[in-house]
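J.: Letter by letter, the sequence shown follows residues 83 to 198 in this note's numbering.
All C-beta atoms in this analysis are idealised placements derived from N, C-alpha and C, irrespective of residue type, glycine included.
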Amino acid sequence: MKKIAILACLKANNVCAGVSCLQAFYGRKASFDRYQGEELTLCAFLRCSQCSQSDQSILSDKGMMEKLHRILGCGVEVAHIGGCAKKSDGTPCAYMEQAADFLSGQGVQIVWGTHG
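Next up, the structure:
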């Protein structure tokens, strides 16, 4: 069974209940359509800890690092990063990009996208 995590933007929490991400996951739609016929488990749905300055290292954010280590501890294989983790110009949030780089360095496959 493949273990999946969804990472989303903390700011989006003001208007997001996670419904579209979860519907896409359970319905195997959008970015999750690649898993048709596979057994999946959703290990985590985590929000980042903050909007950081581009020069701030994620490694100095103890709370975020704890979250990332928790999902590694559950054996997550693929992390889907929500569209909410991109800026209005479509470029990835630098903070979430660091999270993706960290997870990728630990062997986790990164997919940018969930329902959109």
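Helix or strand or just coil, what does DSSP make of Lys169?
T.: Here Lys169 sits in coil by DSSP.
J.: With DSSP as the reference, identify every bridge partner of Arg129, one or two as the case may be.
T.: According to DSSP, Arg129 bridges with Ala90.
J.: Apart from the five residues just before and just after Glu120, which ones in its own chain have a Cβ nearer than 7 Å to its Cβ?
T.: Once the five neighbours on either side are set aside, the close Cβ partners of Glu120 are Lys84.
J.: DSSP puts Ile140 in a beta bridge; with which residues?
T.: DSSP, once it has assigned bridges, lists no residue as partnering Ile140.
J.: Using 8 Å as the cut-off, can you tell me whether the segment 177-186 makes contact with the segment 99-107, which would need three or more C-beta pairs spanning the two stretches below that distance?
T.: Counting Cβ pairs under 8 Å, fewer than three are found: no touch.
J.: Where do the N-terminal and C-terminal ends of the beta strand (DSSP E) with Gln188 fall, by residue?
T.: Segment: none, Gln188 is in no beta strand (DSSP E) and carries neither H nor E.
J.: DSSP three-state label for Ala106, please.
T.: The answer is helix: DSSP assigns Ala106 an H, G or I state.
J.: How far does the beta strand (DSSP E) with His162 in it extend, from its first residue to its last?
T.: From DSSP, the beta strand (DSSP E) with His162 extends over Val160 to Ile163.
J.: Within 10 Å of its beta-carbon, does Ala99 have 16 or more other beta-carbons around it, so buried, or fewer, so exposed?
T.: Exposed, by the Cβ-count rule.
J.: What number of angstroms, rounded off, separates the C-alpha of Pro174 from the C-alpha of Gly189?
T.: Computed Cα separation, rounded: 20 Å.
J.: Classify Arg116 as buried or exposed, calling it buried when 16 or more other Cβ atoms lie within 10 Å of its own Cβ.
T.: Label assigned to Arg116: exposed.
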